[in-house]
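S.K.: For the sequence shown, position 174 matches number 171 in our numbering, and the numbering has no gaps at all. Quick reminder that beta carbons are idealized off the backbone N, C-alpha and C, glycines included. For clarity, every value in this text was computed on a predicted model and none was experimentally measured. The structure that follows is given in the form of structure tokens.
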Amino acid sequence: MAADPLRDPRRAGVAEGHRDRQGRRGAQEGRHHRPSATARGRLPGAVRQGGQGLAASSQGLRSPRLLGVAALLLLLVACHDGSTATSRDVAIRTNDVQVRGTHNSYQPPLPPLERQLDEGIRQLELDVWAQPDGRFAVYHSAADRRTTCPTLDVCLTPVRAWLAGHRRALPLYLIVEDKDTSAAALDALDGAVRDAMPGRLLVNPAEVIGHRWPTLAQTRGRVIVIFIGDLAGAYSRTGTSLAGRAMLVYASSGPLAAITSRPDPVAQAPDIAALLRAGLVVRTQADGEEVLIDQHRRQAASDTGAQIVSARDDGFVLPGGVSARCDPLVPSPCHPGDLER
């Protein structure tokens, strides 16, 4: 993969360990990062050569019927390797797509996680609490323990099974927020994530950091995990390295810049636009602290172009009534038919 400046090399930054809670602290983040727009990638040579080779092999066929059969075989091969004109996964990058997600995804009245995935949700959020037995409980607070899945492993088992049956699904963003986890438990949490999402199922930070975001051909049916909270700095070695780690962290600049959060889509819209130009993935929130749903804020959240738009409920949809769309502010060859069918 060609290197691309997801970060500004002139500026050093540390991982953003702020808590992403309905925009309470998002507006207080430091200066934003404004490098030039990223360049688009080209189709890999192997794909081009493969198509040319098949086309050349048909030149010696003289019968119109045989030519028709050859054309059909060419189409079938193209469909099989995912390189059709309507699914240009090798040209569309992960950050070219906007998806909807949920905040506190485990908390009723939201349905179980696998049902949210069935509904088109492509971002989930889990709050984790380290337990004496080494496991990680999932709930919001001591005063509110409502949850559809009691522990991290129980939450992620059906998610893993769902992904196994939906290999062409858009990549899933999984946000893990530490609520009461000591620095000593970070390695155990990392291991729990790897156990839940083994092998190629997990998009490792090394596939993203220092590069452009991978293409859909590389991330479909996989999970991108992001660790947020007060211990994100310790987890990322004070914002300098994620070597050997399973999860990304929020960072707007510096060596780990790839994904970040700007919870307020109204006040932080200019900042979001600058981050998109820098090639980052941005999460924003369609709902704030207010009890009533603010439709103006929800529309603004979609309009920012932030790739992840989180809402309190699973009824929120992007413009056009869809769960995912080509990002309106990120120039790309993306077409609606390239997403999910």
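Compare the Cα-Cα distances from His100 to each of Asp310, Arg322, Gly302, Leu272 and report the closest residue.
M.R.: Translated into the one-based positions of the sequence shown, residue 100 becomes position 103. Comparing alpha-carbon positions, the option among Asp310, Arg322, Gly302, Leu272 lying closest to His100 turns out to be Asp310.
S.K.: To the nearest angstrom, how far is it from the Cα of Arg39 to the Cα of Ala185?
M.R.: The count along the sequence shown starts at 1 and reaches residue 39 at position 42. The count along the sequence shown starts at 1 and reaches residue 185 at position 188. Any answer about Arg39 is weak, because its pLDDT of 29 lies below 50 and its placement is not dependable; what the coordinates show is given next. Cα to Cα, the separation comes out at about 40 Å.
S.K.: Residue range of the beta strand (DSSP E) that Gln128 falls in?
M.R.: Your numbering for residue 128 matches position 131 in the sequence shown. Here Gln128 belongs to no beta strand (DSSP E), and DSSP marks it neither H nor E.
S.K.: Answer with buried or exposed for Arg165, where buried requires no fewer than 16 other C-beta atoms within 10 angstroms of its C-beta.
M.R.: For the purposes of this step, residue 165 is taken as the residue at position 168 of the sequence shown. Exposed, because fewer than 16 other Cβ atoms sit within 10 Å of the Cβ of Arg165.
S.K.: Could you give the distance in angstroms between the alpha-carbon of Val151 and the alpha-carbon of Tyr170?
M.R.: As a working mapping, residue 151 is identified with position 154 in the sequence shown. As a working mapping, residue 170 is identified with position 173 in the sequence shown. Rounded to the nearest whole angstrom, the CA to CA distance from Val151 to Tyr170 is 18 Å.
S.K.: Under DSSP, the alpha helix (DSSP H) around Gln296 begins and ends at which residues?
M.R.: On the sequence shown, position 299 is the one that residue 296 refers to. 292 to 300 is the span of the alpha helix (DSSP H), which, as asked, contains Gln296.
S.K.: By the DSSP assignment, the alpha helix (DSSP H) with Asp192 in it spans what residues?
M.R.: Taking the first residue of the sequence shown as position 1, residue 192 is located at position 195. Note, Asp192: alpha helix (DSSP H), 183 to 193.
S.K.: Along the beta strand (DSSP E) that carries Tyr170, what are the first and last residues, could you check?
M.R.: Residue 170 sits at position 173 when you count from the first residue of the sequence shown. Taken as a continuous stretch (DSSP letters only), the beta strand (DSSP E) holding Tyr170 covers 169 to 177.
S.K.: Might you give, ordered along the chain, the residues of its own chain that have their beta carbon closer than 7 Å to the beta carbon of Ile256, omitting 5 neighbours on each side?
M.R.: Residue mapping note: residue 256 aligns to position 259 of the sequence shown, counting from 1. Same-chain partners within the cutoff: Ile223, Leu245, Tyr247, Leu277, Val278.
S.K.: Counting pairs of Cβ atoms below 8 Å between the stretch 121 to 141 and the stretch 327 to 338, do you hit three or more?
M.R.: no
S.K.: Do you know offhand how far Pro325's Cα is from Gln128's?
M.R.: Within the sequence shown, residue 325 is the residue found at index 328, counting from 1. Within the sequence shown, residue 128 is the residue found at index 131, counting from 1. Computed Cα separation, rounded: 43 Å.
S.K.: Report the rounded CA-to-CA distance for Ala214 versus Ala140, giving the unit in angstroms.
M.R.: One-based indexing of the sequence shown puts residue 214 at position 217. One-based indexing of the sequence shown puts residue 140 at position 143. Cα to Cα, the separation comes out at about 43 Å.
S.K.: Please name the residue in Tyr232, Ala193, Asp177 whose C-alpha comes closest to that of Arg157.
M.R.: To locate residue 157, count along the sequence shown from 1; it is residue 160. When only C-alpha atoms are compared, the closest one is Ala193.
S.K.: Whose CA, out of Asp227, Glu174, Ile225, Leu160, lies closest to the CA of Arg197?
M.R.: The residue you call residue 197 lines up with position 200 of the sequence shown. That would be Leu160, whose Cα lies nearest to the Cα of Arg197.
S.K.: Starting from the Cα of Leu239, find the closest Cα among Ala203, Val96, Asp93 and give me that residue.
M.R.: Position 242 of the sequence shown holds residue 239. Checking every option, the nearest Cα to that of Leu239 belongs to Ala203.
S.K.: Glu286: buried (16+ other C-beta within 10 angstroms of its C-beta) or exposed?
M.R.: Taking the first residue of the sequence shown as 1, we reach residue 286 at position 289. It counts as exposed.
S.K.: For the candidate residues His208, Ala283, Gly226, Leu107, whose alpha-carbon lies nearest to that of Pro252?
M.R.: In the sequence shown, counting from the first residue as 1, residue 252 sits at position 255. Answer by Cα proximity: His208.
S.K.: Where does Asp227 fall in DSSP's three states?
M.R.: The residue given as residue 227 occupies position 230 in the sequence shown. DSSP places Asp227 in coil when its eight states are reduced to three.
S.K.: Tell me which residues share the same chain as Arg217 and place their Cβ nearer than 6 Å to its Cβ, disregarding the 5 neighbours each side in the sequence.
M.R.: On the sequence shown, position 220 is the one that residue 217 refers to. Around Arg217: Arg165.
S.K.: Relative to the C-alpha of Val319, which residue among Thr91, Arg234, Pro105, Gly117 is closest?
M.R.: Taking the first residue of the sequence shown as 1, we reach residue 319 at position 322. Of Thr91, Arg234, Pro105, Gly117, the residue nearest in Cα terms is Gly117.
S.K.: So for Glu111, helix, strand or coil by DSSP?
M.R.: In the sequence shown, the residue the question calls residue 111 occupies position 114. Glu111: helix per DSSP, three-state reduction.
S.K.: Evaluate Gly236 with the Cβ neighbour count: other Cβ atoms within 10 Å of its Cβ, from every protein chain shown; 16 or more gives buried, anything less gives exposed.
M.R.: Here residue 236 refers to the residue found at position 239 when the sequence shown is read from its first residue. Under this definition Gly236 is a buried residue.
S.K.: Roughly how many angstroms separate the alpha carbons of Val125 and Arg119, rounded to a whole number?
M.R.: Taking the first residue of the sequence shown as position 1, residue 125 is located at position 128. Taking the first residue of the sequence shown as position 1, residue 119 is located at position 122. Their backbone Cα atoms lie some 19 Å apart in a straight line.
S.K.: With C-beta atoms as the reference, is Gln95 less than 9 Å away from Gln304?
M.R.: Taking the sequence shown and counting its residues from 1, one reaches residue 95 at position 98. Taking the sequence shown and counting its residues from 1, one reaches residue 304 at position 307. In this structure, Gln95 sits near Gln304, with a CB-CB distance shorter than 9 Å.
S.K.: Are there 16 or more other CB atoms within 10 angstroms of the CB of Gly317, so buried, or fewer, so exposed?
M.R.: Your numbering for residue 317 matches position 320 in the sequence shown. Exposed, by the Cβ-count rule.
S.K.: Only counting the same chain, and skipping five residues up and downstream in sequence, which positions put a Cβ closer than 8 Å to that of Arg322?
M.R.: Along the sequence shown, one-based indexing puts residue 322 at 325. Hits under 8 Å: Val94, Gln95, Leu315, Pro316, Pro333, Leu336.
S.K.: Considering only their Cβ atoms, is the gap separating Ile225 from Asp175 smaller than 9 Å?
M.R.: Taking the sequence shown and counting its residues from 1, the one referred to as residue 175 is at position 178. Taking the sequence shown and counting its residues from 1, the one referred to as residue 225 is at position 228. Yes; because the gap between Cβ atoms is below 9 Å, this pair is in contact.
S.K.: Would you mind stating whether Val87 and Thr212 have Cβ atoms separated by less than 9 Å?
M.R.: To locate residue 87, count along the sequence shown from 1; it is residue 90. To locate residue 212, count along the sequence shown from 1; it is residue 215. Yes, they are a contact pair.
S.K.: Strictly by DSSP, which residues pair up with Ala308?
M.R.: Reading the sequence shown from its first residue, position 311 is the one you call residue 308. For Ala308, which the question treats as bridged, DSSP gives the partners Thr99.
S.K.: For Gln104, which three-state DSSP category applies?
M.R.: By 1-based counting over the sequence shown, the position of residue 104 is 107. DSSP places Gln104 in coil when its eight states are reduced to three.
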